[in-house]
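Using the working numbering, you'd call the opening residue of the sequence shown number 8 and step up by one each time. Note that beta-carbon positions come from the ideal geometry of N, C-alpha and C, so glycine has one too. All of these numbers come straight from a predicted model, not from anything done at the bench. Remarks on the structure that follows.
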Amino acid sequence: MLLELIAIALIVVHFGVPVSYYWYLRKKWLNKPWNLREDPEYRPKVTIIIPTYREAKYIIRKLDNIYQQDYPRDRLEVIVVDSASDDGTPELVKKWAKMHSNIRVILLQEPIRRGMVPALNYALKHVSKDSDIIIFTDADAFWEVDTIKKVTKYFADTSVGAVTTCIAPLNGEKHIEAIYRSYYNVVRIGESKIHSTPVHNGALVAFRKKLLNRIGNLPTYTGNDDSTPASLIAFMGYRAIQINDTIVKEPIRKDQVSRKIRRAQHLVLHFIYTKNYARKCGIYKRTLFNRIWYIELFLHIMNPWLLLIALATLIVSILMGNLISALILALGIIVTCFKQFRVWLVTQLYLMIAIVKNLWNREIMWER
Ligand code: GDP
Ligand code: MN
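And the structure:
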């Protein structure tokens, strides 16, 4: 009797918190105005930094995609920072730059691979002095033609420090990834309307340069270049938002599972260390972002385990001959007919694997 009550309580909390958070954000915040002074005519100088390791397959398409941007080319600068790729990536960049001399392209070549974040820290040293906005973007992330404009217009408001976009899979709208995205986009945008979201997307994340400079180098305790610097900026009191008027597409890959686990690992490390790091740097300010931070910390680090404990409790209870527990478990199995529910379960599993895997390998430098 006690066991099944514990299991029910855990299940209620596990699903109740994210579901109520989702509905709260959706009903109360999603459609609210930004409360920002946006300016579609604002044209700051933008530096786009692309880290590359073995990107021969995508790099030309990526550079073309930037070249096609509806944004004054003399207000753009592109830095490709390559970490000793052996597949011809830097040669392709050199060739492309020669053929497109009306856009400033800088190729930086690291002699050895140390990982994406160290490469970006190296690239940050080469950003032009007069640049206002820095965008980090993956080589395999493809933008719409007006994406830079859509992003920069928010920076016209001086309270905005970081901007990321919605992302969608390039191939396969019906893919499990699309369902995952439609849920999280609501949450991220809702949080952004309140103040800031602690989870940004490496497919495109833009920063006000002078705030990035105040952090100094990107911290290396986690392998991400998006959520961590964006949250540090949010902890400073600036807005770090996900916008909803442009979508960036990235391909789903064959190694999607290990990729999702690695991304989860970086997020877990982010939630464990970033707030203390902000305190240590002396940039931490108490704002509404703090509350969002704690909810997401709970959802990423604690909540997955409640489900696992509930499952274990149910199984023990069933073994002790409790029929109600068997009924609850049967119900849980039936609900897996719903794709949304399966996506949720898989995400929880990834997070738990990520937490455990971080104990021996933080995936700062991942296989590609
Ligand atoms: P995912 O999108 O999370 O799966 O991550 P990717 O494997 O696509 O990596 C993100 C970006 O960082 C891509 O443009 C990679 O080429 C790049 N990248 C990954 N590792 C390194 C590295 O060690 N050095 C550099 N310079 N770039 C890297
Ligand atoms: Mn990528």
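Is residue i helix, strand or coil when you go by DSSP?
i: K364; result: helix
i: T235; result: helix
i: K292; result: coil
i: I371; result: coil
i: E7; result: Not covered by the structure: residue 7. The range shown for the chain is 8 to 375.
i: R269; result: helix
i: E184; result: helix
i: T204; result: coil
i: E117; result: strand
i: Q263; result: helix
i: Q355; result: helix
i: I110; result: coil
i: Q347; result: helix
i: P79; result: coil
i: A63; result: coil
i: R68; result: helix
i: N329; result: coil
May I ask whether a heavy atom of the ligand GDP can be found less than 7 Å away from the beta carbon of residue i?
i: D93; result: no
i: A175; result: no
i: V88; result: yes
i: G122; result: yes
i: A126; result: yes
i: P58; result: yes
i: M372; result: yes
i: G209; result: yes
i: E98; result: no
Can you list, in chain order, the residues of its chain whose CB lies under 8 Å from that of residue i, leaving out five sequence neighbours each side?
i: D232; result: P58, M123, V124, L127, F143, G209, V212 and L225
i: H202; result: A241, R246, T294, L295, F296 and I299
i: K364; result: I268, Q272 and E370
Taking 6 Å as the limit between beta carbons, can you name the residues of its chain near residue i, skipping five residues before and five after?
i: G339; result: none
For residue i, write down the residues that DSSP places opposite it in a beta bridge.
i: R215; result: I140
i: F149; result: K256
i: P51; result: Paired residue(s): none; P51 is not in a bridge.
Starting from the C-beta of residue i, find all residues in its chain whose C-beta is less than 7 Å away, skip the five residues before and the five after it, and write them out in chain order.
i: L321; result: A14, S332, I335 and L336
i: Y228; result: L276 and Y280
i: K292; result: F242, M243 and G244
Query - Residues near the ligand MN, criterion Cβ-heavy atom distance below 5 Å - result: D145 and D147
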